[in-house]
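Numbering (our numbering), first residue to last: 79 to 245.
What follows is the structure, given as structure tokens:
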């Protein structure tokens, strides 16, 4: 396989940016910027997300059995970069971002333009990121989009010419 061609071709997949959050029964939280996410079914509504296996977010999802995808809107560059680093819970905020608990206990960021809450349906344990299949059990829209909803989301490309994922 031509490694350069593989990398270039895989980087052509467009990526939205989301902050995946989870909270366990002990009250610990995890939050991480993720971009390998998509809807996979309408009935029941299902989403999948690729989560790095050595991350705190992955451990928290496995422990809690639930997670939320907080959608970042255009202009939320700072929040995307904030959650590239391990999250810290202090003063009722996650890495400085206010939140509330969702129905599953997963944190819903106040800055998110929308969110979905999911209960873990299954996990595919392959590679350095495992695929978590979640059944959507809750959703909210904090800011109605102007135009197409899929164009309201912050994308990896919005972060600049030197930020890539995939390949």
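In this text, a Cβ means the ideal position worked out from N, Cα and C, and glycines have one as well. These figures come from a predicted structure and were not determined experimentally.
Reduced DSSP category for residue i - H, G, I as helix; E, B as strand; rest coil
{"i": "residue 193", "result": "strand"}
{"i": "residue 142", "result": "helix"}
{"i": "residue 234", "result": "helix"}
{"i": "residue 227", "result": "helix"}
{"i": "residue 217", "result": "strand"}
{"i": "residue 136", "result": "helix"}
{"i": "residue 152", "result": "coil"}
{"i": "residue 179", "result": "strand"}
{"i": "residue 93", "result": "coil"}
Classification of residue i by the beta-carbon crowding that lies within 10 angstroms, buried from 16 upward
{"i": "residue 194", "result": "buried"}
{"i": "residue 148", "result": "buried"}
{"i": "residue 231", "result": "buried"}
{"i": "residue 135", "result": "buried"}
{"i": "residue 175", "result": "buried"}
{"i": "residue 180", "result": "buried"}
{"i": "residue 219", "result": "exposed"}
{"i": "residue 120", "result": "exposed"}
{"i": "residue 246", "result": "Here the chain comprises residues numbered 79 to 245, so residue 246 is not present and cannot be evaluated."}
{"i": "residue 234", "result": "buried"}
{"i": "residue 125", "result": "buried"}
Element boundaries [beta strand (DSSP E), containing residue i]
{"i": "residue 119", "result": "115-119"}
{"i": "residue 188", "result": "Here residue 188 belongs to no beta strand (DSSP E), and DSSP marks it neither H nor E."}
{"i": "residue 130", "result": "124-130"}
{"i": "residue 110", "result": "107-112"}
Beta-carbon spacing of residue i, residue j below 9 Å
{"i": "residue 118", "j": "residue 144", "result": "no"}
{"i": "residue 184", "j": "residue 101", "result": "yes"}
{"i": "residue 108", "j": "residue 133", "result": "yes"}
{"i": "residue 191", "j": "residue 150", "result": "yes"}
{"i": "residue 172", "j": "residue 146", "result": "no"}
{"i": "residue 208", "j": "residue 128", "result": "yes"}
{"i": "residue 169", "j": "residue 177", "result": "no"}
{"i": "residue 71", "j": "residue 130", "result": "Since the first residue shown for the chain is 79 and the last is 245, residue 71 is missing from the structure and cannot be characterised."}
Unbroken alpha helix (DSSP H) run spanning residue i, endpoints
{"i": "residue 83", "result": "81-88"}
{"i": "residue 159", "result": "155-160"}
Distance cut-off 8 Å: residue i Cβ against heavy atoms of the ligand FMN
{"i": "residue 214", "result": "Only the bare structure without any ligand can be found here, which leaves the ligand FMN out of the picture."}
The stretch 162-173 touching the stretch 212-225, judged by at least three CB pairs closer than 8 Å: no
Segment contact flag, the stretch 86-98 with the stretch 110-125, C-beta cutoff 8 Å, min 3 pairs: yes
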